[in-house]
Amino acid sequence: LNSRKESSCMHILTISIILCFLIWNAIQQSQISYLQTKMGNLESEIEGSANAIGMPIESTVSPTHDHSPATTQLKPSAPGTTAQPTATTEFEPSVPRTTSQPAPTATTEFEPSAPGSTSLPTATAPTTQLESTNATSDSNRSHLLVIPYQANDIVFDRVNANWLVLVDDELHMIDAETHNSTTVQLPSSGDLLSIHPRNPNKQLPKVALAHGSFVTFYDFNTGLMNTTNVAVTTVTSIVYAGDGFAYLFPADGQWTSIYQVSASTYHQCGSWSLYQGTFSRVNPVHDTWIYGMTDHLSPMDLEKFVVEGSTNDECTVTSDDSPYHGDYNMGLPFWFSYDGSVVFMRTGLVLRNTGDDKDMTVAATFTDVYGHISCSFSSPDYACFNQFIWITQLKYSPFTVYGLKQMNATHHTVWSYSWPYLSPLQVVLEIGPSFELDGEVYEWDAFYSMEFADDGRSTLYIAGSVRRGVLLNTAFWTHELQY
2 LNSRKESSCM HILTISIILC FLIWNAIQQS QISYLQTKMG NLESEIEGSA NAIGMPIEST
62 VSPTHDHSPA TTQLKPSAPG TTAQPTATTE FEPSVPRTTS QPAPTATTEF EPSAPGSTSL
122 PTATAPTTQL ESTNATSDSN RSHLLVIPYQ ANDIVFDRVN ANWLVLVDDE LHMIDAETHN
182 STTVQLPSSG DLLSIHPRNP NKQLPKVALA HGSFVTFYDF NTGLMNTTNV AVTTVTSIVY
242 AGDGFAYLFP ADGQWTSIYQ VSASTYHQCG SWSLYQGTFS RVNPVHDTWI YGMTDHLSPM
302 DLEKFVVEGS TNDECTVTSD DSPYHGDYNM GLPFWFSYDG SVVFMRTGLV LRNTGDDKDM
362 TVAATFTDVY GHISCSFSSP DYACFNQFIW ITQLKYSPFT VYGLKQMNAT HHTVWSYSWP
422 YLSPLQVVLE IGPSFELDGE VYEWDAFYSM EFADDGRSTL YIAGSVRRGV LLNTAFWTHE
482 LQY
């Protein structure tokens, strides 16, 4: 009897435990359902409020990792607001309250502006601080233009403060201050260009361009263009001389000749020999004196070619060279003083341009450069530290010379020198390895030119190639010197 009573109690206890468990589970399910309902209502209320103010909502659902091309769409927002791209859009993030734009590429087109001119795209506003280029520069003293193209050749028009830039089959004349540009379509891709040295009335320039086996003459004042076919395909230099002819210096052929080209014909100048690869410039004052040098011969020597007396029917050239043959360290490139009285060489050697028995003799040397290191025009930059990349002078300040040179593997400086003693005075500008504009980092690759305009202002105009990633662009830097 006792055994039966114990069995009945155990059975009742088991049934009670099962009933308690079922009741507890029902209560938990009811609470979970209640909480899910509240969460859903709360999420709906938040989304409704966000849509009312135009703010996009990030989904709480984890995205799948799909590697197919992105097809992101912008979510609509309330009127008067800007829809923002989602994380998969190709636009880069920008600063607050601005709209991101795609970075310029090598295929960016020039945007049209006023009739007859073209406005070049810039990487930033015209007055932008060069953060890492020069610690002392500011928006009132410096502005920089970057165009997403690699230039074939660049020449500065000192009379009008314009850059003349060859980009494939287009010639651009860019105002160095306003950045307005006029574009001229060429018959084919241009290689080199030269400005006619005579411009007494301060008109727009006249230029001669070499491209393949053609020479094109163009007048920016009249729009007149003439192209002549010549028997030279590659040249080291084209010189537009004061006599109105363009003179070509062939890049190959070993022993060759100068070619004289007009708007209608060309002539081979004389039977005497010119060595291939001669780099040449015309004297800015005696504009029928052309000086040249080649680094394909040793020792290097400065030559002079006088083209006075040439006509459409005949090329008249007389030549001479310096009296030195290995006595001094000469080097390319070279530049003229503003008055055309001397030639400044990359190595720091200075030779006279006098037209008499002292022509091409030593006038002076830069005391901090000459003799410190020797390298040729084709040597890599790291082997030529302390030598000049460019030398220039102000029109109304003939007692000062300015030289751009590389100080180490990454930094360049512009020094001022006293004339005629050529002792270093001070560093007037420091150029770092890179600068940042509009969120893009550009690294200096090479410098093409450093000039002053003829207006007498101490404004340096510097042109060079810059790298943005693997792309080569062209930069134009305008900087007002202060002492």
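Residue numbering for the sequence shown follows the working numbering, beginning at 2 and increasing consecutively.
Every residue gets a Cβ at the ideal spot worked out from N, C-alpha and C, and that includes glycine.
Count the other C-beta atoms from every protein chain shown that fall within 10 angstroms of the C-beta of residue i, then say buried if there are 16 or more, exposed otherwise.
i, result
"Met301", "buried"
"Ser263", "buried"
"Ala232", "exposed"
"Met346", "buried"
"Pro251", "buried"
"Glu315", "exposed"
"Leu23", "exposed"
"Gly349", "buried"
"Leu298", "exposed"
"Ser195", "buried"
"Met11", "exposed"
"Pro434", "exposed"
"Thr15", "exposed"
"Thr319", "exposed"
"Asn230", "exposed"
"Gln427", "exposed"
"Ile19", "exposed"
Assuming residue i and residue j are in contact, meaning their beta carbons sit under 8 Å apart, how far apart are those beta carbons, in whole angstroms?
i, j, result
"Thr411", "Tyr150", "Rounded, the Cβ-Cβ distance is 25 Å, inconsistent with contact."
"Glu481", "Arg142", "4 Å"
"Val351", "Thr366", "6 Å"
"Ala162", "Ala464", "13 Å between Cβ atoms; not a contact."
"Asp369", "Pro425", "5 Å"
"Ala211", "Ile175", "In fact, because the Cβ distance is near 21 Å, the residues do not count as touching under 8 Å."
"Ile291", "Trp336", "Not really, about 14 Å apart at Cβ, beyond 8 Å."
"Asp288", "Gly245", "Contact doesn't hold; Cβ gap of about 10 Å is too wide."
Taking the alpha carbon of residue i as the point to measure from, which residue in the options has its own alpha carbon closest?
i, options, result
"Phe400", "Tyr292, Tyr339, Pro434, Ser466", "Tyr339"
"Asp358", "His173, Ser323, Phe436", "Ser323"
"Asn227", "Tyr267, Asp244, Gln204", "Tyr267"
"Phe218", "Gly278, Val236, His197", "His197"
"Thr362", "Tyr325, Leu333, Asn26, Gly341", "Tyr325"
"Ser214", "Gly310, Gln204, Thr319, Leu249", "Leu249"
"Tyr180", "Leu205, Ile148, Gln204", "Residue identity differs from the one stated: residue 180 is His in this sequence, not Tyr. The shortest C-alpha separation from His180 is found at Ile148."
"Ser419", "Tyr403, Glu431, Asn409, Met408", "Tyr403"
"Gly327", "Leu303, Trp445, Thr317, Gln394", "Leu303"
"Gly356", "Asn284, Leu395, Gln427", "Asn284"
"Gln277", "Trp256, Leu146, Gln483, Glu437", "Trp256"
"Leu167", "Glu178, Val307, Asp154", "Asp154"
"Thr237", "Leu430, Leu225, Ile259, Asp220", "Ile259"
"Val442", "Thr460, Leu430, Leu472, His413", "Leu472"
CA-CA distance, residue i and residue j?
i, j, result
"Thr234", "Asp296", "21 Å"
"Asp360", "Arg353", "5 Å"
"Trp478", "Gly271", "42 Å"
"Leu275", "Ser281", "12 Å"
"Asp139", "Gly254", "In this predicted model, Asp139 has a pLDDT of only 44, less than 50, meaning its place in the structure is not dependable; the value taken from the coordinates is given anyway. Answer to the nearest angstrom: the Cα atoms are 50 Å apart."
"Gly117", "Arg199", "Confidence in Gly117 is poor, its pLDDT being 33 and thus under 50, which makes the residue's placement too unreliable to answer from."
"Thr183", "His173", "6 Å"
"Val286", "Phe389", "23 Å"
"Leu187", "Glu171", "6 Å"
"Tyr371", "His144", "33 Å"
"Ser450", "Gly470", "23 Å"
"Leu423", "Ser417", "9 Å"
"Thr312", "Phe157", "28 Å"
"Ile13", "Cys21", "12 Å"
"Lys406", "Gly440", "28 Å"
"Pro201", "Thr223", "17 Å"
"Tyr397", "Gly457", "6 Å"
"Met294", "Leu193", "17 Å"
"Tyr462", "Glu452", "5 Å"
"Leu165", "Ala152", "10 Å"
"Asn330", "Ala364", "14 Å"
"Gln269", "Leu333", "26 Å"
"Trp445", "Arg468", "6 Å"
"Ala438", "Lys207", "According to the sequence provided, residue 438 is Leu. The question's Ala does not apply to it. Near 34 Å, if we compare the C-alpha coordinates of Lys207 and Leu438."
Who does residue i pair with in a DSSP beta bridge?
i, result
"Phe218", "Ala209, Asn227"
"Gly404", "Ile392, Trp416"
"Phe22", "BP columns for Phe22 are empty, so no partner."
"Gly293", "Ser281, Glu304"
"Tyr260", "Leu249, Gln269"
"Ala464", "Ser450, Phe477"
"Glu178", "In DSSP, Glu178 forms no bridge with anything."
"Ser195", "Ala209"
"Phe157", "Trp164"
"Phe337", "Val344"
"Ile148", "Thr475"
"Ala365", "Val351"
"Arg469", "Leu472"
Check the Cβ-Cβ distances between residue i and every residue of chain C, and say whether any is below 9 Å.
i, result
"Ala177", "Among the protein chains of the structure shown there is no chain C, as only one such chain exists."
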